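Asker: Position one of the sequence shown corresponds to residue 166 (the working numbering), numbered consecutively onward.
For every residue, glycine included, the Cβ atom is placed at its ideal position computed from N, Cα and C.
Since the model is a prediction, treat every value here as computed from it, not as a measurement.
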Amino acid sequence: MIIIMLGAQGTGKGTVAGHLVKGLEIPQISTGDIFRANIKNKTELGIEADKYISKGELVPDSITVPMVANRLDEDDCKNGAILDGFPRTIEQADSLKEILAKENKKVDLVINLTTPREEIIDRMITRRVCPNCKATFNTKLNKPKVEGVCDFCGTNLVQREDDKDPKAIEKRLQIYEEKTSPLVEYYKNEGVLRTEVISTSINHLAKEAAEEILADLKK
Ligand code: AMP
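#1: If you drop the 5 nearest sequence neighbours on each side, which residues of the same chain put their C-beta closer than 7 Å to that of K305?
#2: Which residues in the same chain as D327 place their Cβ atom closer than 8 Å to its Cβ, once the five residues preceding and following it in sequence are excluded?
#3: Over the uninterrupted alpha helix (DSSP H) stretch that includes S195, give me the two end residues.
#4: Of the choices E376, I378 and I168, whose alpha-carbon is the least far from that of K270?
#5: Closer than 8 Å, CB to CB, is G245 near chain B or not?
#6: Report the rounded CA-to-CA distance for D287 versus T280, giving the unit in angstroms.
#7: Do you know offhand how far E256's Cα is from M170's?
#8: First and last residue of the alpha helix (DSSP H) that includes L338?
#9: Enumerate, from N- to C-terminal direction, the unbroken beta strand (DSSP E) stretches of 3 or more residues contained entirely within the segment 207 to 274.
#10: Applying the criterion that 16 or more other CB atoms from any shown protein chain within 10 Å of the CB defines a buried residue, is K299 buried or exposed?
#11: Cutting at 8 Å between CB atoms, please list the residues of its own chain near R359, excluding the five before and the five after it.
#12: Can you grab the Cα-Cα spacing for the pair V272 / E361, in whole Å?
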């Protein structure tokens, strides 16, 4: 099963994907995490990608698309994957369709998370991530049991570089609106879209949405 996580930054895509990974036993492919690992290890791909990521811009498709195609080709993806952060443009969605068609696969479900803008910005500022197991926490809404420490592997939590810079946050949200949000219509037309409102105002957070989605998938 191929699942795509759609939604602006800070809506809880990583949290939902993490839950689904455990429940469905298929891997999560986060393009952002792959880029960050490459940046940390100073690979050629990482050095190139960082030029865009540090400014909040999209990494060119010539780098991103083959990277995802190669990852999907790995053994652990034979039963499917949860794509988190890809596709981000109509062009990438078309490329994904072609990549999957070669394996007689298709996108089965697109989970679209929507959150009011003021909540999104607050969540990006208060987000903390585990650099080791990639779990996501939040200093207000999803606190770790011990402040600053990952519940799952005990590693010290960090703030993402691009979450520290208000200009990069604004840029990412602007790019989401312009380039990624048209994918909602794209996948609605394909009949695979499921939208979930994630907001403290209705007491519906990513964790609850993930449990509901998982229960439906297991019916
Ligand atoms: P994320 O962790 O998903 O917020 O991604 C962090 C950054 O990585 C983004 O702001 C982009 O610069 C880059 N990135 C991640 N996924 C993609 C993608 N599908 N296409 C282009 N750039 C991406």
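Answerer: Judging by the given coordinates:
#1: T291
#2: I218, S219, G221, A333, I334 and R337
#3: Here S195 belongs to no alpha helix (DSSP H); instead the beta strand (DSSP E) covers Q193 to S195.
#4: I168
#5: Protein chain content of the structure displayed is limited to a single chain, and chain B is not contained in it.
#6: 11 Å
#7: 17 Å
#8: P331 to I340
#9: Those beta strand (DSSP E) runs which fall completely within the segment 207 to 274 and span 3+ residues are 246 to 249.
#10: buried
#11: L274, V275, I276, N277 and I378
#12: 18 Å
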